[in-house]
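For the sequence shown, this note's numbering begins at 11 and goes up steadily by one. What follows is a single structure, written as C-alpha cells, with notes after it.
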Amino acid sequence: MALNFSPDGKNIVTSAYNRTITIWDVESGKEIKRFGGHIGGVSSVKFSPDGQMVVSASADKIIGIWDVKSGNVLKTLTGHTGPVTSAIFSPDGKFVASCSWDKTIRIWDVESKKEVHILKGHSRNINEVKYFYDGQTIVSCSEDMTIRLWNVKSGHEIQRLRGYNNWIMSVDISPNGNMIASGSWDEAICIWCW
C-alpha cells in the first residue's frame with residue numbers, strides 16, 4: 011500500500027495491489043472518491059503540487075495521471091518495459107519522474123506526455139525516485155545497493171552514494187535538501203548529509 015497527503019493536508023490518497031486508488035477526507039475519515047483503471051497493482055500514488063491531480067505507478071508498466079475531482083484518467087504515460095515502482099510530480103507540476111524494474115528513470119513532460127530523458131546507470135530494479143525541492147535534481151534508490159543523484163536538465167548522474175549490503179527500498183529528502191534518508195531490505199536506515 012502507498013499513501014500521500016494532499017498539499018493542503020485535507021485529503022490522503024491511497025493505493026493497493028487490488029488496482030484501486032482512493033481519496034480520503036482526513037477529518038472525517040470517509041472515502042471521497044475511488045477510481046481505477048490499472049490492470050496491475052498500484053505501487054505508488056502522489057498528489058500534484060496544486061492538489062488537483064494524482065500520479066500513479068503500477069505493475070502494469072503504466073503511469074496514470076488522474077483528475078482528483080472526477081476520478082477520470084487524464085493521461086497515461088507508457089514506455090517502461092517493467093513494473094513501475096514510483097512516480098512523482100516535479101515541484102512545479104510540469105514534469106513527472108518515474109522509476110521501474112526495467113532499471114531506468116524517466117522524466118516526462120506532463121502536458122505533451124513525452125519522455126524528456128531516460129536515465130540509465132542502475133544495474134538492478136529501481137524502487138523509488140524523489141525530486142529535490144528545487145526541481146533541478148532527483149534521487150533514486152535501487153536493489154543494486156546504491157543511491158544516485160541526477161541532474162534533471164542534462165539527465166546525467168551527478169553523485170553515487172554507497173554503504174548498503176542489501177536492496178535499498180525507500181528514499182526521502184529533508185525539507186532543506188541537506189540530508190537524504192534511505193531504508194533497506196535488511197531494515198537499516200541511513201542518513202546522508204552534505
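C-beta: ideal position from N, C-alpha, C; glycine also. Since this is a predicted model, take the numbers as computed values, not measurements.
With a threshold of 16 other CB atoms inside 10 Å of the CB of Asn28, please say whether the residue is buried or exposed.
exposed
When DSSP labels each residue in this structure, what does Gly74 get in the three-state scheme?
strand
Beta carbon of Val83, beta carbon of Gly131: below 8 Å?
no
Are Ala107 and Ile148 close, meaning C-beta to C-beta below 8 Å?
yes
Near Asn175, what residues of its chain come up, given a Cβ to Cβ distance below 6 Å and the 5 sequence neighbours on each side ignored?
none
Going by DSSP, name the residue or residues bridged to Gly193.
Ser180 and Ile199
Could you check if Gly39 is buried or exposed, using at least 16 other CB atoms within 10 Å of its CB as the buried criterion?
Classification of Gly39: exposed, given that the 10 Å Cβ count is below 16.
Pop quiz: Met179 and Gly193 are said to be a contact at Cβ under 8 Å. What is the actual Cβ separation, rounded to whole angstroms?
With 8 Å as the limit, Met179 and Gly193 qualify as a contact, their Cβ atoms being about 6 Å apart.
Tell me, which residues are paired with Ile128 by DSSP?
Arg116
Would you mind reading off the limits of the beta strand (DSSP E) that contains Met155?
Element bounds for Met155: n/a, residue is neither H nor E.
Does the beta-carbon of Glu138 have 16 or more other beta-carbons within 10 angstroms, so that it is buried, or is it exposed?
buried
Would you grab the beta carbon distance between Val7 and Ile31 for me? Rounded to a whole angstrom, and I think it's under 8 Å.
Outside the displayed span of the chain (11 to 204) sits residue 7, for which this structure offers no information.
Excluding the 5 residues flanking Asp70 on each side, which residues of the same chain have their C-beta closer than 6 Å to its C-beta?
Excluding sequence neighbours, Asp70 sits near His48, Ile49 and Gly50.
Taking only runs that begin and end inside the stretch 37–62, name each unbroken beta strand (DSSP E) of 3 or more residues, in chain order.
41–46 and 52–57
Hey, quick one: how far does the beta strand (DSSP E) through Thr95 stretch, first residue to last?
Val94 to Phe99
In this structure, how does DSSP classify Gly82 when only helix, strand and coil are distinguished?
First, the amino acid is wrong: residue 82 is Asn here, not Gly. Of the three classes helix, strand and coil, the one that applies to Asn82 here is coil, per DSSP.
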